[in-house]
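Participant: Chains as they are written, first to last, in this note's numbering: chain A, 1 to 441; chain B, 442 to 682; chain C, 683 to 786.
All C-beta atoms, glycine included, are put in the ideal place defined by N, C-alpha and C.
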Amino acid sequence: MNDPALRPLLQTSGTYTAEVMQGIHTKAETGIYEIRGYGTLRQRRWATFDDLTFLPCGLTRIPLEGYREKCSTRTVLGGRFAKRPLELEIPIMITGMSWGALSYNAKAALAKAAAKVGTSNTTGDGGLSPAEREFAKDYVYEVLPSRYGIDVHDLRGASAIELTIGQGAKPGTGGLLLGSKISETIARQRDLPVGVDQRSPARHPDMLGPDDMVIKIEELREATDGQVPIFVKLGASRTFDDVKLAAKAGADVVVVDGMEGGTGASPAILQEHTGIPTLAAVCEARAALEDCGLYGEVQLIIAGGIRDGVDAAKAMALGADAVYIGTAALISLNCNKPLYVDDYRALGTEPYHCHHCHTGRCPVGITTQDPELMKRLDIDQGAERALNLLRAMTLEIQMLARACGKSDVHHLEPEDMAALTMEASIICGVPLAGTRRVFGR
Amino acid sequence: MVEIAAMAIDAATLSTREINTLIRARLKSGPAEISVENPNARHNLAVALLQPGRVRFAGSVGYYCGGLIDGAEIQVEGSAGWGLAESMSRGHVVVHGGAGNGAAAAIRGGHVVIYGDAAARLGVSMKGGVVLVGGDCGYMAGFMAQKGMLVVCGNTGHAFADSMYATTCYVGGTIGGLGTDAVVEPLSAEEAEMLDRLLGEHFPPALRAQKPAGRDFTKVVAGRKLWNFDKHNWKTWQDAL
Amino acid sequence: MEFVTENDSEVLAVYLAEALNRGATLRQGLDGVLRDMDGAFCCLAVTATEMGLVKDPYAFKPLVVAETDDFVAVATEEIAIRSAIPGDYKVQEARVEEVRVWSR
């Protein structure tokens with residue numbers, strides 16, 4: 001009977017998985033839904049960038065030599081109305097992540113890296129942090145429903161303003177920062193009592209729909225003398241309609257943040273079951289801009305689970321002018337690296353599996369307000385790592401562009417790709433490899 | 442004594458950008474008293490004024506008048522639209538008529554004084570400063586208000602002071618309905634005196650005389666049941682979330 | 683009655699027309715809008731003899747009213763009324779869930 005070959009197999013339910021059971025146990029104990037960080041965790045069974053492949057040159061087109069022939073990465077955003085469009089060296093920008101969700105050191109490292117490579121950093125749901133004030137060269141200033149830390153001088157010092165309607169991880173809801181991260185400094189910045197479980201409002205206090213937004217965008221232009229671009233950031237939901245409304249309301253740039261986007265803390269069900277995937281979102285966004293004749297005049301920034309230069313290049317080929325990275329940037333700062341492994345275990349997790357940003361006990365000092373934990377993230381080392389990621393991603397995009405014969409990464413187009421699945425072909429309007437047919441159109 | 446320059450602008454023939462540019466340019470060269478004729482309820486007037494000085498609108502203004510200001514004084518002789526003085530850091534904004542939705546939204550400091558009625562969401566997400574309304578206010582005033590003081594001399598709509606953090610509210614008339622986690626607390630003698638001083642300082646005497654005495658105000662603050670997740674407060678959370 | 687459209691304004695128009703056809707007054711129709719509709723709306727409805735308004739329960743949409751002995755004016759923003767009608771009069775935002783009807 002102890003023969004391993006005769007041991008009964010453990011059978012796990014596909015409906016009541018271990019995760020589901022644990023979720024129910026937790027609700028039974030707390031009476032509330034699960035809150036955690038990170039973003040969509042469930043396995044990706046929907047069409048993603050992985051379902052596309054590039055078609056490099058062969059006999060029908062001539063490739064460019066890597067390392068020798070130029071492939072420009074310069075990116076200009078906001079030329080529609082702004083007197084001073086945002087000019088970047090690369091098409092990758094750091095997305096909004098709040099000081100509060102992130103430590104000072106993490107914000108500083110990202111700001112330094114962005115400044116060094118010639119791209120922008122974005123504030124977040126807490127206003128301009130002291131780290132950005134010191135180290136950022138170009139920052140995008142977010143105006144969110146909460147307006148925590150809102151300051152006209154910080155707004156006027158920005159290279160672009162981002163009017164945030166929602167974010168990909170949790171469209172239609174406000175931000176969340178749990179009490180352990182509302183330290184004295186964060187509380188002071190946000191004008192909140194120390195230690196509260198902060199819930200941000202879902203709606204802007206003074207603007208509720210696209211008609212109001214027309215006036216609000218004008219207000220922001222007035223406040224900045226019409227100098228800088230106004231972005232409108234949308235969590236990808238009814239993306240086709242929302243992008244049209246944002247473009248027609250006067251945005252210089254529309255930002256679409258897909259379902260796979262990250263967050264420091266949010267109800268898990270929102271991260272898993274709200275919003276549409278980033279691949280679907282970029283296709284809807286481009287179609288929306290073409291539909292109202294503004295594609296090319298209004299720029300598009302895509303965000304939400306951009307992991308590397310490949311995802312970025314595919315997003316750009318589908319119509320994005322630039323991409324935001326958030327989670328990837330934090331991973332470059334040692335998020336989920338096997339360091340201080342005992343501390344991962346104390347949180348009930350392991351390296352490569354941790355999504356416990358909401359606890360404020362980040363073992364590597366990124367998503368914490370604890371000064372002792374924060375020390376584990378050295379600002380200059382972190383900046384170097386993030387800089388390396390940005391550079392490596394840029395090289396990846398260039399490599400793919402050159403292989404497709406393009407001298408500018410912005411020349412990548414849908415015709416440079418084939419789909420590996422029917423769904424990707426239908427969604428992206430790109431031929432299914434092996435068939436030479438675009439399905440569903 | 443510093444001489445205050447006076448300047449008159451006729452808004453009728455100018456674009457909003459031109460009006461604001463003139464105002465800012467004048468304030469940059471030193472304190473000034475600027476009067477604007479025929480504002481005709483235009484939007485975005487006197488946005489982001491960063492220098493001290495006084496601007497008077499001889500008529501009504503539209504949305505976001507005085508939004509994002511830091512230190513200026515603004516007087517509106519007519520009424521104001523949505524988002525009056527939104528996100529103001531410092532300053533003093535007075536409206537003789539009424540104000541639309543979201544008056545004093547997200548202000549971080551300064552004074553917003555409305556002689557007439559305020560509409561819905563007065564003082565929403567306010568982070569400091571003082572809001573004073575002579576008349577009534579509408580639905581969900583003080584929603585998610587964080588700091589500072591909100592005073593309504595008349596009646597409030599329902600959902601008053603819903604989901605607040607640490608703002609203190611005072612109501613001179615009837616409360617139309619308390620919002621989630623809003624509780625009435627006893628008014629101290631010091632607070633009554635403070636309210637009398639406040640009304641005396643910000644209202645013309647004839648208006649002040651029509652308003653209640655400080656001791657007749659009701660104090661409303663957050664019950665703090667929403668400050669931290671706790672399953673024992675489930676009923677409260679069900680209404681809030 | 684079932685009516686499907688992609689236009690929200692059309693929903694209100696058809697709803698009110700149907701109510702009036704069934705014999706409801708304009709006021710009753712507008713009360714019904716408050717009871718039966720979700721979403722963000724302010725509605726201004728005009729028949730041959732009456733004008734009425736209804737403001738949504740959450741004040742998502744703007745609606746202002748100017749009323750003197752000579753006229754009643756309703757618009758989303760005061761600037762519209764000032765552009766059309768000169769003079770010294772007050773303009774005020776309608777209250778949540780307010781229903782008002784004026785007859786000739």
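I need the boundaries of the alpha helix (DSSP H) containing S765 of chain C, first residue and last residue.
Facilitator: E760 to A766
Participant: So which residues on chain A does Y504 of chain B lean against when the C-beta distance must stay under 7 Å?
Facilitator: I215
Participant: Using a Cβ-Cβ cut-off of less than 8 Å, give me the residues of the region 741-765 of chain C that come near chain F, in sequence order.
Facilitator: No chain F is part of this structure, whose protein chains are labelled A, B and C.
Participant: Suppose the cutoff is 6 Å on Cβ atoms and the five residues either side in sequence are ignored; what does the same chain contact list for V20 of chain A look like?
Facilitator: none
Participant: Roughly how many angstroms lie between the CA atoms of V310 of chain A and D416 of chain A, to the nearest whole one?
Facilitator: 13 Å
Participant: Quick check: the Cα distance between T435 of chain A and F240 of chain A, rounded to an integer number of angstroms?
Facilitator: When rounded, the distance between both Cα atoms is 28 Å.
Participant: Which whole-angstrom value is the C-beta distance of V194 of chain A and L387 of chain A, which I expect to be below 8 Å?
Facilitator: Actually they are not in contact, since the Cβ atoms of V194 of chain A and L387 of chain A sit about 35 Å apart, beyond 8 Å.
Participant: Does the contact criterion of 3 or more C-beta pairs under 8 Å hold for the region 268-277 of chain A versus the region 241-260 of chain A?
Facilitator: yes
Participant: Less than 8 Å between C-beta atoms, sequence neighbours within five positions excluded: which residues of the same chain meet that for M207 of chain A?
Facilitator: M213, I215 and K216
Participant: For chain B, check one thing: does any of its Cβ atoms lie closer than 8 Å to the Cβ of R786 of chain C?
Facilitator: In terms of beta-carbon proximity, R786 of chain C stays away from the interface with chain B, with every pair separated by 8 Å or more.
Participant: Please state whether DSSP places P91 of chain A in a helix, a strand or coil.
Facilitator: coil
Participant: To which residues of the same chain is I35 of chain A closer than 8 Å at the C-beta, ignoring the five residues directly before and after it?
Facilitator: L176, L178, A265, S266, P267, A268 and H358
Participant: Taking buried to mean at least 16 other C-beta atoms within 10 Å of its own C-beta, is I24 of chain A buried or exposed?
Facilitator: exposed
Participant: Using a Cβ-Cβ distance under 8 Å, would V565 of chain B count as near chain A?
Facilitator: yes
Participant: Measure the Cβ-Cβ separation of G126 of chain A and Y141 of chain A and say whether it is below 8 Å.
Facilitator: no
Participant: The region 597-609 of chain B: which residues have C-beta closer than 7 Å to a C-beta of chain C, in chain order?
Facilitator: G598
Participant: Please list the terminal residues of the continuous beta strand (DSSP E) segment that includes A755 of chain C.
Facilitator: Here the beta strand (DSSP E) through A755 of chain C covers V754 to A757.
Participant: Are the region 551-558 of chain B and the region 520-533 of chain B touching by the rule of at least three beta carbon pairs closer than 8 Å?
Facilitator: yes
Participant: Which residues in chain C have a C-beta closer than 8 Å to the C-beta of G209 of chain A? List them in chain order.
Facilitator: A722, F742 and K743
Participant: Counting only Cβ-Cβ distances shorter than 8 Å, please list the residues of the region 479-498 of chain B near chain A, keeping chain order.
Facilitator: H484, N485, V488, A489 and L491
Participant: Which residue comes first and which comes last in the beta strand (DSSP E) that contains C404 of chain A?
Facilitator: Per DSSP, C404 of chain A belongs to no beta strand (DSSP E) and is neither H nor E.
Participant: Which residues in the same chain as F685 of chain C place their Cβ atom closer than 6 Å to its Cβ, once the five residues preceding and following it in sequence are excluded?
Facilitator: Residues of the same chain with a CB within less than 6 Å of the CB of F685 of chain C, apart from the 5 flanking positions on each side, are V696 in chain order.
Participant: Can you pull the chain B residues whose beta carbon is under 9 Å from the beta carbon of L192 of chain A, in chain order?
Facilitator: K568, Q587, K588, Y606 and A607
Participant: Identify the continuous beta strand (DSSP E) that holds S476 of chain B and give its terminal residues.
Facilitator: A473 to E478
Participant: With DSSP collapsed to three states, give me the class of G711 of chain C.
Facilitator: helix
Participant: Could you check whether V228 of chain A and A160 of chain A sit closer than 8 Å to each other, using their CB atoms as the reference points?
Facilitator: yes
Participant: Counting only Cβ-Cβ distances shorter than 9 Å, please list the residues of the region 145-159 of chain A near chain B, keeping chain order.
Facilitator: P145, S146, R147, Y148, G149, I150, D151, V152, H153, L155 and R156
Participant: Grab the span of the beta strand (DSSP E) containing M417 of chain A for me, first residue to last.
Facilitator: M417 to A419
Participant: Would you check if the distance between the CB atom of A560 of chain B and the CB atom of G583 of chain B is smaller than 8 Å?
Facilitator: no
Participant: For L377 of chain A, count neighbouring Cβ atoms within 10 angstroms of its own Cβ and tell me buried if that reaches 16, exposed if not.
Facilitator: Here L377 of chain A is buried, its C-beta having at least 16 other C-beta atoms within 10 Å.
Participant: If you measure from the beta carbon of R782 of chain C to each beta carbon in chain B, is any gap under 8 Å?
Facilitator: no
Participant: Within the same chain, show all residues whose beta-carbon is closer than 8 Å to that of V746 of chain C, passing over the 5 residues directly before and after it, in chain order.
Facilitator: V756, A757, T758, E759, E760, I763, V773, Q774, E775 and A776
Participant: Quick check on DSSP: helix, strand or coil for P371 of chain A?
Facilitator: It is helical.
Participant: How would you call D451 of chain B, buried or exposed, if buried means at least 16 neighbouring beta carbons within 10 angstroms?
Facilitator: With fewer than 16 other CB atoms across the displayed protein chains lying within 10 angstroms of its CB, D451 of chain B is exposed.
Participant: Report the neighbours of T615 of chain B on chain A: residues whose CB is nearer than 9 Å to its CB, in chain order.
Facilitator: Contact of T615 of chain B with chain A by beta-carbon distance below 9 Å is absent, the smallest such distance being about 25 Å.
Participant: Please tell me whether A223 of chain A has its Cβ less than 8 Å away from any Cβ of chain B.
Facilitator: Output row for A223 of chain A: interface = yes.
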